[in-house]
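Structure below.
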């Protein structure tokens, strides 16, 4: 064979190999989307989704981004483009016009009621939005494959991509139209493009890195951490990946001394990356309110406000009664100072949203989220909450693969690249969420670290390893797949065997770790198959009316009369004999069983009576009623049935008269007669 024929044969072989690789990556993406798609069609819209999707629709219809500015708009806007195909009904002459910016919950409740004439269409809005997030999630697969292959070899790339495709936590949140998966994917994209620029600095790669970093900023405020992480990564990269011809510290000084950075093209490219990201951020908001003076913002967080003085003029107006109460006492701390005249090079709703997110995260003096860990419910967090959540929410087989990846890092056949940058990218969010915030409500806040954990784990796989080693890796990947098959479609409720699996999960973590109101649709299907439960009494943690999911005839589960004051009781809650433990069949959400305070839907047949007799029971403009903490905690005294066909967030109880009286005696309530 001639040299020319050999070269042509080699090129043809390379093309076939590339085609097979692309085909397999696309196949893995389709498998991931199919798994997510099967889950998302079986789950009820969660408590956060019912505000995310209407807010995204408002962005598209009004061109302004003040609604739900607790995070930037892109993660809601793109999924909402699909919701528009379902022809939602919207109004902008009520909740929207009463406040500026409009309160997202008021608008969401109004949106629900406007579309209540066609519940199927209302639910379809969320299904459409969820499909966008499912496809968005699949984009992580080619990035992980490309990154893992370039750093540790093709087998490592396949392992990292596969771990994402079958990870319970990824599939769980890819099933919801929220911002958690978009944040994770865009963080990964920004880190990958920045890595490529560091490997081979060029203006083209700098532009890609800057654009990706800017897009990440348009999803969630937590991506601000990337600026510090990237700067540290760029500074230490020579230390982590040196040529071995001189000491690490000498290499670091020679390549990163300040005078060289100022004069080098790479230094200017780094500045351009950050500048371009700022431009993309402003463009994403259509430059709405950019360069507004710093002192003109109606801030509410403690860090950005001070006590109001007599010379501060009239109080600002906010998007909620809570914010307006804050404005009566506090004012923007920069107002009346030289800094107050400083133009902010950021969109107004980005700055205002950042302040409101700080307020929501606990930077206030009026209260914080309810947080739960290992049976304890309180308003102050635990410094180790996220470390514990990772320990129990990540499959044990994934932990084993991660450990093998760390071991392989020191293998004699050294990987192509150091894994230290991945440790940095995973470690910065863990440090920030552990020590810089006090918002302990879900492992989803750490989802952006998962791709980097998968890349570290991927480093364990290599054709140069012994056969038994790769056999062990294959067995662990298979264990991950079996884990997924066993929990699907209840991935949100996944807990590993370390704490007894999903059946025991509620004793460790709740809220978006387990119960986000997602299993109502599956409960409805289960009742259809078990007609003896058609008159079930509900205590449902969620926002979607059960009637929307086909549960037409139901009553609310009786509440604890020791907890619910007379002024907050429903028309049927006349005395202690009809409240507290009663014989009958019940479906109780885990969050309520654990004692959380939240709102719950009121039966639509009773809504008119409640509006006529005691409208203060309802949250303004909604069919929802606020539940006090511990109102249903007495159900802890009974043994529930957990049916995987329903999911793990709803507990079933079939209580006899004898059991009811046993608990009533313990509670100090009068016993019920035969």
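Residue numbers (the numbering used here): 1356 to 2029.
Every residue gets a Cβ at the ideal spot worked out from N, C-alpha and C, and that includes glycine.
So, with DSSP's three-state summary, where would you put residue i?
| i | result |
| --- | --- |
| residue 1528 | helix |
| residue 1952 | coil |
| residue 1683 | helix |
| residue 1883 | helix |
| residue 1554 | helix |
| residue 1662 | strand |
| residue 1698 | strand |
| residue 1944 | strand |
| residue 1370 | helix |
| residue 1446 | coil |
| residue 1727 | strand |
| residue 1653 | coil |
| residue 2029 | coil |
| residue 1560 | helix |
| residue 1625 | helix |
| residue 2058 | The shown model of the chain, from 1356 to 2029, leaves out residue 2058, and the question about it has no answer. |
| residue 1608 | Because residue 1608 sits at a pLDDT of 47, beneath the cut-off of 50, its placement in the model cannot be relied upon, and the following sentence gives the value as read from the coordinates. Correct three-state label for residue 1608: helix. |
| residue 1934 | coil |
| residue 1892 | strand |
| residue 1572 | helix |
| residue 1542 | helix |
| residue 2087 | The first residue shown for the chain is 1356 and the last is 2029, placing residue 2087 beyond what the model contains. |
| residue 1534 | coil |
Which term fits residue i, buried or exposed, when burial requires 16 or more other beta carbons within 10 angstroms of its beta carbon?
| i | result |
| --- | --- |
| residue 1874 | buried |
| residue 1720 | exposed |
| residue 1916 | buried |
| residue 2019 | buried |
| residue 1929 | exposed |
| residue 1665 | exposed |
| residue 1986 | buried |
| residue 2013 | exposed |
| residue 1815 | buried |
| residue 1375 | exposed |
| residue 1372 | exposed |
| residue 1683 | exposed |
| residue 1519 | buried |
| residue 1559 | exposed |
Among the options, which has the Cα closest to the Cα of residue i?
| i | options | result |
| --- | --- | --- |
| residue 1587 | 1473, 1776, 1837 | 1776 |
| residue 1492 | 2021, 1536, 1918 | 1536 |
| residue 1951 | 1994, 1971, 1981, 1737 | 1981 |
| residue 1718 | 1749, 2010, 1659 | 1659 |
| residue 1449 | 1462, 1827, 1983, 1511 | 1462 |
| residue 1453 | 1414, 1681, 1479, 1673 | 1673 |
| residue 1317 | 1635, 1397, 1476, 1805 | This structure does not reach residue 1317, given that the chain is present from 1356 up to 2029, and the question cannot be answered. |
| residue 1446 | 1516, 1466, 1420, 1821 | 1466 |
| residue 1438 | 1420, 1421, 1416, 1459 | 1416 |
| residue 1675 | 1689, 1663, 1714, 1637 | 1714 |
| residue 1428 | 1580, 1640, 1547, 1441 | 1640 |
| residue 1591 | 1475, 1773, 1865 | 1773 |
| residue 1749 | 1526, 1372, 1389 | 1526 |
| residue 1387 | 1426, 1370, 1529 | 1529 |
| residue 1395 | 1662, 1593, 1403, 1482 | 1482 |
| residue 1711 | 1372, 1424, 1410 | 1424 |
| residue 1817 | 1504, 1485, 1464 | 1504 |
| residue 1709 | 1476, 1653, 1841, 1731 | 1653 |
| residue 1848 | 1866, 1510, 1832 | 1866 |
| residue 1405 | 1905, 1510, 1518, 1531 | 1531 |
| residue 1512 | 1687, 1809, 1480 | 1809 |
| residue 1648 | 1956, 1624, 1697, 1753 | 1697 |
| residue 1457 | 1478, 1689, 1433, 1421 | 1421 |
| For the 8 Å Cβ check, are there 3 or more pairs between the segment 1643-1655 and the segment 1705-1719? | Three or more Cβ pairs closer than 8 Å define a contact, and the segment 1643-1655 meets that threshold against the segment 1705-1719.
| query | Is it a yes or a no for the segment 1993-2013 touching the segment 1866-1883, going by three-plus beta-carbon pairs under 8 Å? | reply | In short, these stretches touch, since the Cβ pair count reaches three.
| said: With three or more beta-carbon pairs closer than 8 Å as the criterion, would you say the segment 1987-1994 touches the segment 1939-1957? | reply: Verdict: yes, contact present.
| task | Give a yes or no on contact between the segment 1375-1393 and the segment 1495-1505, applying the rule of three or more CB pairs nearer than 8 Å. | result | The segment 1375-1393 vs the segment 1495-1505: in contact.
| Which whole runs of the alpha helix (DSSP H) in the segment 1423-1493 are 4 residues long or more, in chain order? | DSSP assignment within the segment 1423-1493 yields the following whole alpha helix (DSSP H) runs of 4 residues or more, N-terminal first: 1429-1438, 1450-1453, 1459-1469, 1474-1493.
| query | Which runs of the alpha helix (DSSP H) fall wholly inside the segment 1730-1790 and span at least 4 residues, in chain order? | reply | Runs found: 1740-1748, 1751-1764, 1775-1790.
| query | Should the segment 1387-1403 be regarded as contacting the segment 1879-1898, the criterion being three or more beta carbon pairs within less than 8 Å? | reply | Contact holds: three or more Cβ-Cβ distances are below 8 Å.
| Segment contact, 8 Å Cβ cut-off, at least three pairs: the segment 1731-1744 with the segment 1778-1795 | When Cβ pairs closer than 8 Å are counted between the two stretches, the segment 1731-1744 is seen to touch the segment 1778-1795, the count reaching three or more.
| Do the segment 1993-2000 and the segment 1727-1739 touch if we need at least three Cβ pairs shorter than 8 Å? | No contact exists between the segment 1993-2000 and the segment 1727-1739.
| Does the segment 1627-1639 touch the segment 1566-1576, meaning 3 or more C-beta pairs lie closer than 8 Å? | The answer is yes - the segment 1627-1639 touches the segment 1566-1576, with three or more Cβ pairs under 8 Å.
| query | Is the segment 1403-1411 in contact with the segment 1882-1889, if contact means three or more CB pairs nearer than 8 Å? | reply | The segment 1403-1411 vs the segment 1882-1889: no contact.
| field | Touching by the beta-carbon criterion (3+ pairs, under 8 Å), the segment 1911-1927 and the segment 1952-1969 | value | Touching, per the Cβ criterion.
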